[in-house]
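Peer 1:
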Amino acid sequence: MKEFYEPMLYMSTPDHPNTMSVVAELKEPIDGEILTDVVRDLSVRFPYFYVKAVVRDNDVYPEPNPLPMTVRNTWEPINFNSPESNHHLAAWKYEGSRMAFEISHSLTDGAGVFPYIKSALYLYLSRKTGESLDPAGIRLPGDAIPKSETDNPFADLDIDAAEEPLYTKATVDDFYRVKVEGDPAPQIHHIRLDESQLIGYCRDFDGSPNAMIAVMLTRAARRYDPDNEKTVSVSVAIDHKAMLGVRDNYRMFANVIEVDFPRSLSLDDLLKTCTMARGQMMLQAQPENSLWAMKQRKLTYAKLGQLPLDVKLGVIAKSAGNVRWSFSVSYTNSRSMGSVDPYIDTLYVVAEPGVFDIGCEITCINHNFFLTIIQSFSADRFVELFLEELSSVGIDCEVLRKEPLRLCGIEPFKS
């Protein structure tokens, strides 16, 4: 039976691909030949990303894929687990001066994928520029792969002895749903904010980037749909690995805590609102909560192991893709790519919608925050209201790019 820390690949389906992407825009056009060589060379250092899905023992497992990972000179998507991706669960693409790595979110999370992105950027820019860049903090081909990176990240913890934490939050079922305007086609906006302004706001109003963005999204929703009386529910991503003191592991242990804004709550007092939001987050973001979550995950794996694979590939996966929150906020906390920072203009994370109406992925590099607003429809009005809320507290915003959401899909796993 599959161990609880192994990837639950069948949670990615054609209807809910569960794909994530990291996009880097550089100062010069991408050289596809160099990028292709880099992607090939990194397979020996990050073999766990160079895998295909194999059905066996009533489950779907990642196994080594000897075929090359694709590197395409187009932004148009392909499907993982198909001939066009060489049956990989990840792929690269480039267009002009930007490159992107797309991967099944069932394999890894932002914390797990960023070391790979750093290594790819380092090798690519070293070869492209001919400069001797500082390799500090970079994982390179030929380096030993520590067990901590690939083994059970919680082997030293007594998960079975975990007790239910003192505080557990009830999920809001009848939450606010964003009213669709324009075509029902997902769209993304890439936005740049000044780091000092955002951090200054967080300092002055008892906030954090996650809490602040959650408040601003909710304020925008109140203006966007002023007559709606339902509670706005915001999921805020956390990393159970980090909460339990484990950071050097590639596996996907991201989850969420929830922040609720009932209609009766006034959002006029920003200090009070941000303090309330952070209080909700802190109550849930505790090591004992994460240890309990891992115990529940272990029990879930045991139950799922008894079900036929066809059931797991169908009903359970479909249920996992249902919308569960009004908004989603995720901050991958990586403020530097090391010695390659000067060569990078922008750095974004993009995630597949499905469990939220509008999502906000946050990154920070070169003294700028970069936000990706992912929405399930094409109209701009909500984003415009959100930017007005940021401007109202003195945070300058610049929309760098608006485009349709184009992420890789996935072919169904065959039982």
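With the sequence shown counted from 1, adding 346 to any position gets you the numbering used here.
Built from N, CA and C at the ideal position, the CB exists for glycine as well.
In this text the structure is predicted, and so the values were computed from the model without any measurement.
Between GLU448, ASN419, LEU736, which lies nearest to ASN425 when the distance is taken from Cα to Cα?
Peer 2: Walking along the sequence shown from the start, residue 425 turns up at place 79. Looking at the Cα atoms, GLU448 is the closest of the given residues.
Peer 1: Answer yes or no: do GLU698 and MET357 have a C-beta to C-beta separation smaller than 8 Å?
Peer 2: One-based indexing of the sequence shown puts residue 698 at position 352. One-based indexing of the sequence shown puts residue 357 at position 11. Contact: no.
Peer 1: Examine the Cβ distances between the region 748-759 and the region 702-717 and report whether three or more of them are shorter than 8 Å.
Peer 2: Result no; under three Cβ-Cβ pairs closer than 8 Å.
Peer 1: In three-state DSSP terms, what is GLN632?
Peer 2: Here residue 632 refers to the residue found at position 286 when the sequence shown is read from its first residue. GLN632: coil per DSSP, three-state reduction.
Peer 1: Could you check how far apart the C-beta atoms of LEU637 and ALA508 are, in whole angstroms? I think they sit under 8 Å.
Peer 2: If you number the sequence shown from 1, residue 637 lands on position 291. If you number the sequence shown from 1, residue 508 lands on position 162. With 8 Å as the limit, LEU637 and ALA508 qualify as a contact, their Cβ atoms being about 4 Å apart.
Peer 1: Starting from GLN652, trace the alpha helix (DSSP H) in both directions and tell me its first and last residue.
Peer 2: For the purposes of this step, residue 652 is identified with residue 306 of the sequence shown, where counting begins at 1. Counting along the chain, GLN652 falls outside any alpha helix (DSSP H), and DSSP gives it neither H nor E.
Peer 1: Can you pull the DSSP bridge partners for ALA697?
Peer 2: For the purposes of this step, residue 697 is identified with residue 351 of the sequence shown, where counting begins at 1. Paired residues: MET366.
Peer 1: Compare the Cα-Cα distances from ILE545 to each of VAL390, GLY378, CYS706, ARG681 and report the closest residue.
Peer 2: Working through the sequence shown from its first residue, we reach residue 545 at position 199. When only C-alpha atoms are compared, the closest one is ARG681.
Peer 1: If you draw a straight line from the C-alpha of VAL400 to the C-alpha of ALA631, how long is it?
Peer 2: Taking the first residue of the sequence shown as 1, we reach residue 400 at position 54. Taking the first residue of the sequence shown as 1, we reach residue 631 at position 285. Approximately 35 Å, taken between the alpha carbons.
Peer 1: What separation, rounded to the nearest whole angstrom, lies between the Cα atoms of MET415 and HIS433?
Peer 2: In the sequence shown, the residue the question calls residue 415 occupies position 69. In the sequence shown, the residue the question calls residue 433 occupies position 87. Approximately 9 Å, taken between the alpha carbons.
Peer 1: Around the C-beta of LEU512, are 16 or more other C-beta atoms found within 10 angstroms, so that it is buried, or is it exposed?
Peer 2: By 1-based counting over the sequence shown, the position of residue 512 is 166. With fewer than 16 other Cβ atoms within 10 Å, it is exposed.
Peer 1: At 3 residues or longer, and completely inside the region 371-409: list those beta strand (DSSP E) runs for me, N to C.
Peer 2: Within the region 371-409, the complete beta strand (DSSP E) runs of at least 3 residues are 397-402.
Peer 1: Thinking just about the alpha-carbon of each residue, which of VAL657, GLY660, CYS710, PHE350 is nearest to the one in ASP497?
Peer 2: Counted from its first residue, the sequence shown places residue 497 at position 151. That would be PHE350, whose Cα lies nearest to the Cα of ASP497.
Peer 1: Give the secondary structure of ASN498 by DSSP, where H, G and I count as helix, E and B as strand, and everything else as coil.
Peer 2: Your numbering for residue 498 matches position 152 in the sequence shown. Correct three-state label for ASN498: coil.
Peer 1: Please list, in chain order, all residues of the same chain as SER443 whose beta carbon is under 8 Å from its beta carbon, the five residues on each side excluded.
Peer 2: Taking the first residue of the sequence shown as position 1, residue 443 is located at position 97. These residues qualify, in order along the chain: GLU371, LEU372, LYS373, GLU374, PRO375, ILE376, ASP691.
Peer 1: Mind checking who MET445 pairs with in its DSSP beta bridge?
Peer 2: As a first step, residue 445 is located in the sequence shown; it is residue number 99 there, counting from the start. Per DSSP, ALA370, TYR440.
Peer 1: List, from N- to C-terminal side, the alpha helix (DSSP H) runs of 4 residues or more that fit wholly inside the region 684-738.
Peer 2: As far as the region 684-738 is concerned, its whole alpha helix (DSSP H) runs of at least 4 residues are 727-738.
Peer 1: Please go through the same chain and pick out, in chain order, the residues whose beta-carbon is closer than 6 Å to the beta-carbon of VAL661, but skip the five residues on each side of it.
Peer 2: Locating residue 661 in the sequence shown gives position 315, where the first residue counts as 1. Within the same chain, VAL661 has no close Cβ partners at all.
Peer 1: Put GLY625 into one of helix, strand or coil per three-state DSSP.
Peer 2: Numbered from 1 along the sequence shown, position 279 holds the residue referred to as residue 625. Three-state DSSP puts GLY625 in a helix.
Peer 1: To test your reading of the DSSP string, which unbroken alpha helix (DSSP H) runs of 4 or more residues are found completely within the region 534-563?
Peer 2: If we require 4 residues or more, the alpha helix (DSSP H) runs fully inside the region 534-563 come out as 541-550.
Peer 1: Got a sec, what are the start and stop residues for the beta strand (DSSP E) PRO750 sits in?
Peer 2: Position 404 of the sequence shown, counted from the start, is the residue given in the question as residue 750. Counting along the chain, the beta strand (DSSP E) containing PRO750 begins and ends at 743-750.
Peer 1: Exposed or buried, what is ARG565 when buried is set at 16 or more other beta-carbons lying within 10 Å of its beta-carbon?
Peer 2: Taking the first residue of the sequence shown as 1, we reach residue 565 at position 219. Buried, by the Cβ-count rule.
Peer 1: For ARG597, is the classification buried or exposed, using 16 other Cβ atoms within 10 angstroms of its Cβ as the cut-off for buried?
Peer 2: In the sequence shown, counting from the first residue as 1, residue 597 sits at position 251. Buried: at least 16 other Cβ atoms inside 10 Å.
Peer 1: If you draw a straight line from the alpha carbon of ASN679 to that of ILE463, how long is it in whole angstroms?
Peer 2: For this step, residue 679 is matched to residue 333 along the sequence shown. For this step, residue 463 is matched to residue 117 along the sequence shown. C-alpha separation (whole angstroms): 14 Å.
Peer 1: Do THR621 and ASP520 have their CB atoms nearer than 8 Å?
Peer 2: As a working note, residue 621 is residue 275 in the sequence shown. As a working note, residue 520 is residue 174 in the sequence shown. Not a contact, by the Cβ cut-off of 8 Å.
Peer 1: Measure the alpha-carbon distance for GLU441 versus LEU645 and round it to whole angstroms.
Peer 2: As a working note, residue 441 is residue 95 in the sequence shown. As a working note, residue 645 is residue 299 in the sequence shown. Distance between the alpha carbons of GLU441 and LEU645: 44 Å.
Peer 1: Report the three-state DSSP secondary structure of TRP671 (helix, strand or coil).
Peer 2: Locating residue 671 in the sequence shown gives position 325, counting from the first residue. It is a strand residue.
Peer 1: Is any non-hydrogen atom of the ligand SAM found closer than 7 Å to the C-beta of ASP614, if you look at the structure I gave you?
Peer 2: The ligand SAM is not part of this structure, which contains no ligands at all.
Peer 1: Let me check one thing: in DSSP terms, what residues is ILE463 bridge-paired to?
Peer 2: As a working note, residue 463 is residue 117 in the sequence shown. In the DSSP output, where bridge partners are listed per residue, ILE463 has none listed.
Peer 1: Excluding the 5 residues flanking PHE607 on each side, which residues of the same chain have their C-beta closer than 6 Å to its C-beta?
Peer 2: Here the question's residue 607 lines up with position 261 in the sequence shown. Excluding sequence neighbours, PHE607 sits near THR564, VAL578.
Peer 1: Can the beta-carbon of MET640 be found closer than 8 Å to that of HIS586?
Peer 2: Counted from its first residue, the sequence shown places residue 640 at position 294. Counted from its first residue, the sequence shown places residue 586 at position 240. In contact: MET640 and HIS586 (Cβ atoms closer than 8 Å).
Peer 1: Determine, using beta carbons only, whether SER581 and PHE702 come nearer to each other than 8 Å.
Peer 2: Looking up residue 581 in the sequence shown gives position 235. Looking up residue 702 in the sequence shown gives position 356. Contact flag set, yes.
Peer 1: List the whole-angstrom C-beta distance separating ARG727 from GLU527, where the pair is believed to meet the contact cut-off of C-beta under 8 Å.
Peer 2: The sequence position of residue 727 within the sequence shown is 381, counting from 1. The sequence position of residue 527 within the sequence shown is 181, counting from 1. About 6 Å; that satisfies the 8 Å criterion.
Peer 1: So who's on the other strand from VAL417, going by DSSP bridges?
Peer 2: Start at 1 with the first residue of the sequence shown, and residue 417 comes out as number 71. Per DSSP, TRP438.
Peer 1: If you follow the alpha helix (DSSP H) that SER452 is part of, which residue opens it and which one closes it?
Peer 2: As a position in the sequence shown, residue 452 is number 106, starting the count at 1. Where SER452 is concerned, there is no enclosing alpha helix (DSSP H), given that its DSSP letter is neither H nor E.
Peer 1: Leaving out the 5 sequence neighbours to the left and right, which residues in its chain are closer than 7 Å to LEU590 when beta-carbon positions are compared?
Peer 2: By 1-based counting over the sequence shown, the position of residue 590 is 244. If we look at LEU590 and ignore the five residues flanking it on each side, its Cβ neighbours are PHE500, LEU503, PRO633, SER636, LEU637.
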